[in-house]
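Take a look at the structure set out below.
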């Protein structure tokens, strides 16, 4: 069994640039090679499917969590090491969060943003101290970071909020950050 678990929030679509899926695939393989368990949304589509298939191919442990209403839509990947079906989206996020040591957010849509902002808010409120990494593949999260700075500049958050997020440019840099955080 893996010593550490990495929660990956990411898109149920592949996105518009091949780099998104390539980095998700690379991440899945490297997590497995490092002996980290992948905790993710249990889908077999988009970046979710890419990261999970790569982790499995590399012999990694996978823990997928999916709400009942998304089993068909996100093509629930039942061949994982552990496959959990929850009743709600909120329960899904909680189970993923509770079963991980760090949070990694890959490119994604509204669901990934929801997941990111929930764990960021929990961190801001002092409910956890888990690292949160944004994998900024091809600058995907740069507009989000501009928005975060705008929120601070407009007085709706303290500048300390940015200290809870580490923006990472590529998977190699992310793996170095994970090794440091999980050692």
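Residue numbers (the numbering used here): 332 to 514.
Where a beta carbon is used, it is the ideal one built from N, C-alpha and C, also for glycine.
It should be emphasised that the depicted structure is a prediction, and the values quoted were computed from it without experimental measurement.
Assign residue i to one of three DSSP states: helix, strand, or coil.
i           : result
residue 354 : helix
residue 374 : strand
residue 349 : helix
residue 437 : coil
residue 457 : coil
residue 339 : strand
residue 390 : coil
residue 332 : Note that residue 332 scores a pLDDT of 47, beneath 50, so its modelled location is shaky; the value from the coordinates is reported in the next line. If DSSP states are grouped into helix, strand and coil, residue 332 belongs with coil.
residue 366 : coil
Within this structure, are the beta carbons of residue i and residue j separated by less than 8 Å?
i           : j           : result
residue 346 : residue 438 : yes
residue 490 : residue 482 : no
residue 376 : residue 427 : no
residue 431 : residue 341 : no
residue 447 : residue 436 : yes
residue 374 : residue 399 : no
residue 492 : residue 479 : yes
residue 385 : residue 356 : yes
residue 361 : residue 502 : yes
residue 339 : residue 382 : yes
residue 388 : residue 366 : no
residue 494 : residue 344 : no
residue 390 : residue 350 : no
Excluding sequence positions up to five away, which residues of its chain have a Cβ less than 7 Å from the Cβ of residue i?
i           : result
residue 499 : 464, 465, 466, 467, 505 and 508
residue 348 : 469
residue 450 : 428, 434 and 463
residue 419 : 398
residue 412 : 392, 393 and 394
residue 512 : 433 and 462
Looking only at its own chain, which residues have a Cβ that is under 8 Å from the Cβ of residue i, when we skip the five neighbours before and after it?
i           : result
residue 332 : Because residue 332 carries a pLDDT of 47, less than 50, the predicted location of this residue cannot be relied on, and the following value inherits that uncertainty. 368 and 392.
residue 417 : 396, 397, 398, 399, 423 and 426
residue 380 : 374, 406 and 408
residue 497 : 462, 463, 464, 465 and 508
residue 353 : none
I'd like the span of the beta strand (DSSP E) that includes residue i, first residue to last.
i           : result
residue 393 : 393–398
residue 413 : 413–417
Below 6 Å CB to CB, which residues in the same chain sit around residue i once its five sequence neighbours on both sides are set aside?
i           : result
residue 471 : 438
residue 453 : 459
residue 402 : none
Which first and last residues belong to the alpha helix (DSSP H) in which residue i is found?
i           : result
residue 426 : 420–429
Quick check on residue i - is its C-beta less than 8 Å from some C-beta in chain D?
i           : result
residue 496 : Of the protein chains in the structure, only one exists, and it is not chain D.
Jot down the residue ranges of each uninterrupted alpha helix (DSSP H) in the region 461–510, minimum 4 residues, whole runs only, in chain order.
Correct list: 473–484.
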